[in-house]
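So the sequence shown is numbered by full-length UniProt numbering: it starts at 1 and just counts up by one. First up is the structure itself, then whatever we jot down about it.
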Amino acid sequence: MKRKWDARTKARIVLEGLMGGCVNEICRNHELRPGLYYKWRGHFLEHCHLIFEEQPRAPSQSDLAAENEKLKRLVGELTLELNKGGSLR
Numbered sequence: 001m002k003r004k005w006d007a008r009t010k011a012r013i014v015l016e017g018l019m020g021g022c023v024n025e026i027c028r029n030h031e032l033r034p035g036l037y038y039k040w041r042g043h044f045l046e047h048c049h050l051i052f053e054e055q056p057r058a059p060s061q062s063d064l065a066a067e068n069e070k071l072k073r074l075v076g077e078l079t080l081e082l083n084k085g086g087s088l089r
């Protein structure tokens, strides 16, 4: 049966090796195949730069409220235009 490793545990194990730990010993302590360790390490090193990239911020309540008001005005204007033009049928 395969074990599921969470991301934090994988990172901690990879960092142990990167900080100079003996890979064979680390793998033995965690009951892990060295091939899997090296796969994790490769993935870690390939994507480690992402930690320093700006994370998109979630819109604030005031941003959402402003956008909501803008959309309501637009719907109102379009409704008035349609009513001026008469029936669509």
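Where a beta carbon is used, it is the ideal one built from N, C-alpha and C, also for glycine. Everything numeric in this text was worked out from a predicted model, so none of it was measured.
inquiry  = Within the continuous alpha helix (DSSP H) that includes Ser-60, where are the two ends?
reply    = It is not in any alpha helix (DSSP H) - Ser-60 carries neither H nor E in the DSSP assignment.
request  = Could you check the C-alpha separation between Arg-89 and Gly-76 for me, to the nearest Å?
outcome  = Low confidence applies to Arg-89: its pLDDT is 49, below 50, so where it sits in the model is not reliable enough to give any reading.
ask   = Among Glu-54, His-47, Leu-78 and Gly-85, which residue has its Cα nearest to the Cα of Ala-7?
value = His-47
ask   = Around the Cβ of Ile-51, are there at least 16 other Cβ atoms within 10 angstroms (buried) or fewer (exposed)?
value = exposed
task = Kindly indicate the opening and closing residues of the alpha helix (DSSP H) around Ile-51.
result = Counting along the chain, Ile-51 falls outside any alpha helix (DSSP H), and DSSP gives it neither H nor E.
message = Let me check understanding here. Comparing Cα to Cα, which of His-49, Val-14, Gly-20 and Met-19 lies closest to Pro-34?
response = Val-14
inquiry  = Quick check: what's the CA-CA separation for Asn-29 versus Gly-21?
reply    = 11 angstroms
inquiry  = Classify Gly-17: buried if its beta carbon has 16 or more other beta carbons within 10 angstroms, exposed otherwise.
reply    = buried
key: Which of helix, strand or coil DSSP assigns to Lys-2   = coil
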